[in-house]
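Trainee: Residue numbers (this note's numbering), protein chains in the order written: chain A, 1387 to 2219; chain B, 21 to 357.
Following this message is one structure expressed as structure tokens.
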Amino acid sequence: MSQISPQQKLKQPGNLSPRIQWLRDYYFKGAERKWNNEYTCFTTGSPWDAQFNEMSFYIVPETYMLMQTMYQSYRMAAHTVAVPQDFYSWSIPERRAWFNKEVMVNYLPHEILPGDLIAGARFNIQTSFCLTKKEMKKRTKLVMGKNGARAKMKWFHDHGFGNAGATSGHLIPDYEKVLKAGFKGIYKDIEAYYNELSPKEKKGKKGAQLRAMMTAATMPRDLALKYAEVCKQLSKEETNAERKEELLQMAANLEKVPWEPATTFWEAVQALWLAHMLVMSDENYPGPGVSFGRVDQYLYPYWQYSLSRGMDREFGKEILKCFFIHCNTAYDAMIRTGNQGITSGFGQLITLAGVGKDGNDMSNDLTFAFLEVIDEMSPILEPKPNIRLHQKSPDALLDKVVDMIASCQGAPFLLNFDERSMAGMLREARKAGIEHLIHENNVYDYAPVGCLENTMVGNDRSGTVDNNLNLAKAVELAINNGRDFFPFTDPVTGKTEPIKQIGPKTGDPRTFTSFEQFWKAYEIQTKFIIKKIVELYEESERIRAQFHPTPYLSCLVKGCAEKGVDITQGAAEISFTTLEAVTYATTVDSLLAIKYMVYDKKICSMDELIKALKANWEGYEYLQTVAKNRAPKYGRDDDEADSMGLKVMELWTEETWKYKTKSTVRQFRPGMLSWNYWVGDGYILPATPDGRKKGQFLSNAICPVNGADIKGPTANANSVGKVLGGKHNPGDFGGYVNLLPNGASHTITFNPSILKDPEHREKFKAFLRGYAINGGTALQINMLDPEMLRDAQKHPQDYRHLLVRVTGYNAYFVSIGKELQDEVIARLSHSRF
Amino acid sequence: MDHKTGIVLEIQRMSTEDGPGIRTTVFMKGCPLRCVWCHNPESINPKPQVQWIGVRCIGCKACVAACPNGALSFDNGIQINRDICKGCGTCTEVCPSTAMELLGKKWDVDALVKELLKDAAYFSTSGGGVTISGGESTFQAHFVKNVLSALKFNGIHTALDTCGICNKSTLAMLLPHVDLVLYDLKEADLQKHIEFTGKSNLIVRENIKFILSFMKDHIFPREVWIRTPLIPGKTARDENIVAIAHFINELLTINPRAITRWDLCAFNNLCRDKYTRLGIRWELADTPLLTKEELEHFEAIAKATVKNSSIVKTSGSTRMEETEEHIPEPKKTSGCF
């Protein structure tokens, strides 16, 4: 056997042309690059002007301390754009549309990187709010006033509830229309709606909005023409004949798209990129879950057309690789700070494969071309691929998927599961009374945004990361009769707030004689925290609706032109906002532990448990150990524990459906995504009855508590499927129930031995097919890595149930002795399982 | 004991090594053999036993206080006086951390079958099912028969993993409910078989012939996989592999299509800690694994000798080479959210 060094085992890119190799290497030079796409700031020049809309970052607690700094530094760095004299007599959307277009077309430099086949380089901008002094004053009070959005958001977060804010992106614009009709077609449609208005309406809000959208719809045309000029200029200076030819073709492409419909694959990808990057410009936010949808479907006709007219398949992939590089430049926004908390929040998803109209798989040659590009380019971060699997996924697709997982030591993509996902989409249609918009005959066209949040395409904004609620807060309040466990001390001012009655009085739990009584208290507190987050969200939602229109994005989402209303005012045909529950398993396990210890087994009284929690379990190690090891846990396919999980799920999801935003009439819908809150909020929430101490991680999304899934991957997946509602007829779709239309993030870590040879890879494929039957909506596959085992050597108490498997032989890693542990680690490092 | 309850050591889900597809493997308690290399020494005794897993223990001594027989003491860890311990499991009930673990739990047929059906979806997508192993699967034959027939009633693929030490009547009772027999041929030499396992191999040789004849006029079982452990200094000898291959050739004349696989299973040392926990000195504790070359060598011999070389498969780990040992500690990176 040839020797493999661990360094070599890191996945390496491959099959890259010198062009792509150069672009990729250049990209990874990061801050050392001469060219980059970091934020450029622009102002109207008015003394009250500002750019940074902090509300987009309310869901990113790491930025709270930086908000004032960012607000001020963007103001100071801003270049002045000369505005027309009557600028402030226009409506806000008209001002924004004009200003952003002016910046993109006439102020921001237009550059083509060496060898690049796609134009559209700089797009990260921070542009003027374009508000009058009076408007600005009003906004400032609403955002930064004593009882403003910021103060309310901070209180909510500091007290362990979670966070909420009207956030950018997280949708799939109607890019297919850009390709099919061009912005010319989009413009004509808006114009037609405008012409239908009465003279009075034209003078009013609707007219203003549609005029703003018409201005915005011409921005891509004018920008493309600027880039066409650059290409022509470069071609004149170019000495290499082949490159000269490419530049001339690029110029021709840009003179046509995205204004006219695309014909060739190259034109289609060029049009797609410009249309996409301008969404990020319009929202002043780089790539927050602005996703592409089913690229292998809507780009396929162009792919076929060009292949049939002699395009080399590898050249088609080359175009896609340039497109991939462009997606990654979104990260340049804050390239000099490199803050992971901010820069890891991007998620320009592409969706591949999945069922079509007849229930059969839709993967095609372009699906595989995309997979090859991912394989050849990775490791690379954007765009993030989601592969849709289902019971009928073809072997060829699964083979490629499993090969890629094996070569990357974990999946370079997320897997989405159609049956369960579509059940959720149909449930939300029923719950919101929009069966005419989502039904059996179009639900297969759903696609995820951001990470895994399922939405429809081109007409749907579902605010998929806007509300993040710690369910475990309701447990804390139930134990404390509606009060926090501890007083909050501000780390900056050092000021301590007294403990107040913040939630309803649900009674002193020490007087409860049954678990049912405790459950009742938990139920009331859950309803309370949901009401609380709905109220908080309203703050930023209504301010955004009033002051921060995105007329360009509105051109690309069905419903806005039709209504003559901006997308930020809830105009998308499908307009949800999503409540993502965090700390789910921690909450379920806490309830199970209370039931087991206090009521069923009477191991301790409620009084003792409360004392133990207040002491952060210190001095109560016996009780903590019982809570951690003896109490039932979610994630083990234990029907009794999982039925508690379902009960918790039904309670909070049903409560969520009761709410709509007041200012924009967006229906709340449930989902489970925890981003990194399960880590950060672990330092805020006190000790929990499941044995967790303050400062330890909470549970992530729909995953069982770390280390609780001791029955292996099938049991883990079955538990997830059950708490999503399981399967029964008729269900929401084909017998499947899905209480979380948004979807639920699920990660399982496997032993690499599952991929060691063709026979085992077949078994792994079968696991994925089984997951489609029994599991959840989305799965991230990780592989056990040497680093985790080294950590387990150092902290055996955290890994007591970690099983390692060497060719079928299972052993508890922490109990096999240092020498054998080292050998297992060495084997893992060399893929010698 | 009635035939509705059995003593089960462990139920392992998503097992990928005990037959085709994704399987749930049931490890039964009790074994007639005493193989020197035994990987599941805790399965030999048919009765429930307790063990103490030191790394889990928080030292609360609740077990010592709770033992109704005074079998436990605390002296540099929990000491179990196995002469007194009745395996009642009281200590495991009070242990907060599962450091005291009961090896062998009573299972009712219906409850066990319900548990085993939980992964039916994965069985169907993978061509997998349930494997009854041990210990020795035929040791609690009536219970196992009830479990197997209930599984077959539910359309589940079943495998019986046996060392071949049992009555023919027991086999005749079980075989109609079994799709696949995993059959051990460990050692061809009679004396060595006795030396390594404590029992003669005559009955093992007879029983496999019985199974193959049985298959000729029954629908079940459908196939047989032979398994041979390759234990350094014990069964991993050229002449043993050659002799087993010849014996398989002889078996192929009885029923040419029944044996579809012959697995050579490389010695594994991960069970070392189990012996420590049970307070048994293990003869093979310091035995190194086979080298890759040795495993390939035995595979080549097996393939050269057996009539149908395509049935020969190998599994298991081989020794890490010296040059592979030094792995730099990787840099700490942040976790993946």
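For every residue, glycine included, the Cβ atom is placed at its ideal position computed from N, Cα and C.
Keep in mind that this is a model prediction, so the values were computed, not measured.
Helix, strand or coil, according to DSSP, for D1747 of chain A in the structure here?
Mentor: Translated into the one-based positions of the first sequence, residue 1747 of chain A becomes position 361. In this structure, D1747 of chain A counts as strand in the three-state DSSP scheme.
Trainee: Taking only beta-carbon positions, decide if M340 of chain B is within less than 7 Å of chain A.
Mentor: Numbered from its first residue, the second sequence carries residue 340 of chain B at position 320. It does; some Cβ of chain A falls within 7 Å.
Trainee: Taking 7 Å as the threshold (C-beta atoms), are T1513 of chain A and V1489 of chain A in contact?
Mentor: Mapped onto the first sequence, residue 1489 of chain A falls at position 103. Mapped onto the first sequence, residue 1513 of chain A falls at position 127. The answer is yes: Cβ separation under 7 Å.
Trainee: Give the C-beta separation of E1480 of chain A and T1601 of chain A to the nearest angstrom, bearing in mind that I take them to be a contact with Cβ-Cβ under 8 Å.
Mentor: Here residue 1480 of chain A is taken as the residue at index 94 of the first sequence, counted from 1. Here residue 1601 of chain A is taken as the residue at index 215 of the first sequence, counted from 1. Confirmed, about 7 Å.
Trainee: Say whether chain B places a C-beta atom closer than 7 Å to the C-beta of I2096 of chain A.
Mentor: One-based indexing of the first sequence puts residue 2096 of chain A at position 710. No, its Cβ sits nowhere closer than 7 Å to a Cβ of chain B.
Trainee: Where Q2207 of chain A and Y2185 of chain A are concerned, what is the direct C-alpha to C-alpha distance, given to the nearest angstrom?
Mentor: The count along the first sequence starts at 1 and reaches residue 2207 of chain A at position 821. The count along the first sequence starts at 1 and reaches residue 2185 of chain A at position 799. Using only the alpha carbons, I get a separation of about 13 Å.
Trainee: If we define contact as Cβ-Cβ less than 7 Å, is D2023 of chain A a contact residue for chain B?
Mentor: Mapped onto the first sequence, residue 2023 of chain A falls at position 637. Judged by the 7 Å Cβ criterion, D2023 of chain A is in contact with chain B.
Trainee: Can you name, in chain order, every residue of its own chain whose Cβ lies under 8 Å from the Cβ of W245 of chain B, other than the five neighbours on each side?
Mentor: Taking the first residue of the second sequence as position 1, residue 245 of chain B is located at position 225. The answer, listed in chain order, is G39, L200, V201, L202, Y203, I279, T280, R281, W282, D283.
Trainee: Answer with yes or no whether the minimum CB distance from I2156 of chain A to chain B is below 7 Å.
Mentor: Locating residue 2156 of chain A in the first sequence gives position 770, where the first residue counts as 1. What sits at residue 2156 of chain A in the sequence shown is Gly, not Ile. Yes - at least one Cβ of chain B is within 7 Å of the one on G2156 of chain A.
Trainee: Under a CB-based cut-off of 7 Å, is T1553 of chain A close to chain B?
Mentor: Residue numbering aside, residue 1553 of chain A sits at position 167 when the first sequence is read from its first letter. No - not a single Cβ of chain B is within 7 Å of the one on T1553 of chain A.
Trainee: Alpha carbon to alpha carbon, how far is P1470 of chain A from G1367 of chain A? Give it in angstroms, no decimals.
Mentor: This structure cannot speak to residue 1367 of chain A, because chain A is shown only from 1387 to 2219.
Trainee: Check the Cβ of R2213 of chain A against every Cβ in chain D and list those closer than 8 Å, keeping chain order.
Mentor: The structure shown contains no chain D; its protein chains are A and B.
Trainee: How about E1945 of chain A and A1931 of chain A: are their beta carbons less than 7 Å apart?
Mentor: Taking the first residue of the first sequence as 1, we reach residue 1945 of chain A at position 559. Taking the first residue of the first sequence as 1, we reach residue 1931 of chain A at position 545. The amino acid occupying residue 1945 of chain A in the given sequence is Gly; Glu does not appear at that position. No, Cβ-Cβ distance for G1945 of chain A and A1931 of chain A is not below 7 Å.
Trainee: Residues in its own chain within less than 8 Å of S335 of chain B by CB, not counting five upstream and five downstream?
Mentor: Your numbering for residue 335 of chain B matches position 315 in the second sequence. Around S335 of chain B: E37, D283, L284, C285, A286.
Trainee: Is it a yes or a no for the stretch 177-191 of chain B touching the stretch 22-34 of chain B, going by three-plus beta-carbon pairs under 8 Å?
Mentor: Contact fails between the stretch 177-191 of chain B and the stretch 22-34 of chain B, because fewer than three Cβ pairs, one in each stretch, are under 8 Å apart.
Trainee: Over the uninterrupted beta strand (DSSP E) stretch that includes K1834 of chain A, give me the two end residues.
Mentor: Within the first sequence, numbered from 1, the residue matching residue 1834 of chain A stands at position 448. A small correction: the amino acid at residue 1834 of chain A is Pro; Lys does not occupy that position in the sequence shown. Start and end: 1833-1835.
Trainee: If you draw a straight line from the C-alpha of D1560 of chain A to the C-alpha of A1417 of chain A, how long is it?
Mentor: Looking up residue 1560 of chain A in the first sequence gives position 174. Looking up residue 1417 of chain A in the first sequence gives position 31. The straight-line gap from Cα to Cα measures roughly 33 Å.
Trainee: So, at 8 Å on beta carbons, what are the nonlocal neighbours of G1844 of chain A in its own chain, with the 5 sequence-adjacent residues on each side left out?
Mentor: As a working note, residue 1844 of chain A is residue 458 in the first sequence. The answer, listed in chain order, is I1558, P1559, D1560, Y1561, E1562, K1563, G1679, L1942, V1943, K1944.
Trainee: Helix, strand or coil for F94 of chain B per DSSP?
Mentor: For the purposes of this step, residue 94 of chain B is taken as the residue at position 74 of the second sequence. Strand.
Trainee: For a test of the three-state rule: what should DSSP assign to V1469 of chain A, helix, strand or coil?
Mentor: Translated into the one-based positions of the first sequence, residue 1469 of chain A becomes position 83. DSSP places V1469 of chain A in coil when its eight states are reduced to three.
Trainee: Could you give the distance in angstroms between the alpha-carbon of E1624 of chain A and the alpha-carbon of K1630 of chain A?
Mentor: The residue you call residue 1624 of chain A lines up with position 238 of the first sequence. The residue you call residue 1630 of chain A lines up with position 244 of the first sequence. The straight-line gap from Cα to Cα measures roughly 6 Å.
Trainee: How should N1423 of chain A be labelled, buried or exposed, when 16 other C-beta atoms within 10 angstroms of its C-beta is the threshold for buried?
Mentor: Translated into the one-based positions of the first sequence, residue 1423 of chain A becomes position 37. N1423 of chain A is buried by the Cβ-count criterion.
Trainee: Under a three-way DSSP split, which group does H1825 of chain A fall into?
Mentor: Taking the first sequence and counting its residues from 1, the one referred to as residue 1825 of chain A is at position 439. Three-state DSSP puts H1825 of chain A in coil, outside helix and strand.
Trainee: With 9 Å as the C-beta to C-beta threshold (strictly closer), list the residues of the stretch 247-264 of chain B near chain A in chain order.
Mentor: none
Trainee: Rounded to whole angstroms, how far is the Cβ of T2074 of chain A from the Cβ of V1861 of chain A, which I believe are closer than 8 Å?
Mentor: Taking the first residue of the first sequence as 1, we reach residue 2074 of chain A at position 688. Taking the first residue of the first sequence as 1, we reach residue 1861 of chain A at position 475. Their Cβ separation, rounded to whole angstroms, is 7 Å, which keeps T2074 of chain A and V1861 of chain A in contact under 8 Å.
Trainee: So that I know if they touch, is there some Cβ in chain A lying closer than 7 Å to that of L290 of chain B?
Mentor: Within the second sequence, the letter at position 270 stands for residue 290 of chain B. By this cut-off, L290 of chain B is an interface position.
Trainee: Taking all protein chains shown into account, do 16 or more other C-beta atoms lie within 10 angstroms of the C-beta of F1732 of chain A, making it buried, or fewer, making it exposed?
Mentor: As a working note, residue 1732 of chain A is residue 346 in the first sequence. The residue in question, F1732 of chain A, is buried, as its Cβ has 16 or more Cβ neighbours within 10 Å.
Trainee: Quick one: is C55 of chain B near chain A, going by C-beta distance under 7 Å?
Mentor: The residue given as residue 55 of chain B occupies position 35 in the second sequence. By this cut-off, C55 of chain B is not an interface position.
Trainee: Could you work out which residue in A:F1874, A:L1922, A:V1984, A:S1848 is closest to W1905 of chain A when comparing CA atoms only?
Mentor: Residue 1905 of chain A sits at position 519 when you count from the first residue of the first sequence. Closest option to W1905 of chain A, Cα to Cα, is A:V1984.
Trainee: From Q1726 of chain A to N2062 of chain A, what does the alpha carbon distance come to, in whole angstroms?
Mentor: Against the first sequence, residue 1726 of chain A aligns to sequence position 340. Against the first sequence, residue 2062 of chain A aligns to sequence position 676. A caution first: Q1726 of chain A carries a pLDDT of 40, below 50, which makes its placement in the model too unreliable to give a value.
Trainee: Which of the three DSSP states, helix, strand or coil, is assigned to C87 of chain B?
Mentor: Counted from its first residue, the second sequence places residue 87 of chain B at position 67. Note: C87 of chain B maps to coil in three-state DSSP.
Trainee: What do you reckon, are the CB atoms on F1709 of chain A and M1763 of chain A nearer than 7 Å?
Mentor: Translated into the one-based positions of the first sequence, residue 1709 of chain A becomes position 323. Translated into the one-based positions of the first sequence, residue 1763 of chain A becomes position 377. Contact: no.
Trainee: If you draw a straight line from the alpha carbon of K1988 of chain A to that of E113 of chain B, how long is it in whole angstroms?
Mentor: Within the first sequence, residue 1988 of chain A is the residue found at index 602, counting from 1. Within the second sequence, residue 113 of chain B is the residue found at index 93, counting from 1. Roughly 14 Å between the two C-alpha positions.
Trainee: Going by the C-beta, is A1971 of chain A closer than 6 Å to any heavy atom of the ligand FMN?
Mentor: This structure lacks the ligand FMN, and indeed carries no ligand of any kind.
Trainee: What distance in whole Å lies between the Cβ atoms of I1929 of chain A and R1525 of chain A, which are believed to be in contact at a cut-off of 8 Å?
Mentor: Walking along the first sequence from the start, residue 1525 of chain A turns up at place 139. Walking along the first sequence from the start, residue 1929 of chain A turns up at place 543. About 7 Å separates the two Cβ atoms, so the contact holds.
Trainee: Determine which residues of the stretch 64-81 of chain B have a Cβ less than 7 Å from any Cβ of chain A, and write them out in chain order.
Mentor: Cβ contacts with chain A: I73, V75, R76, I78, C80.
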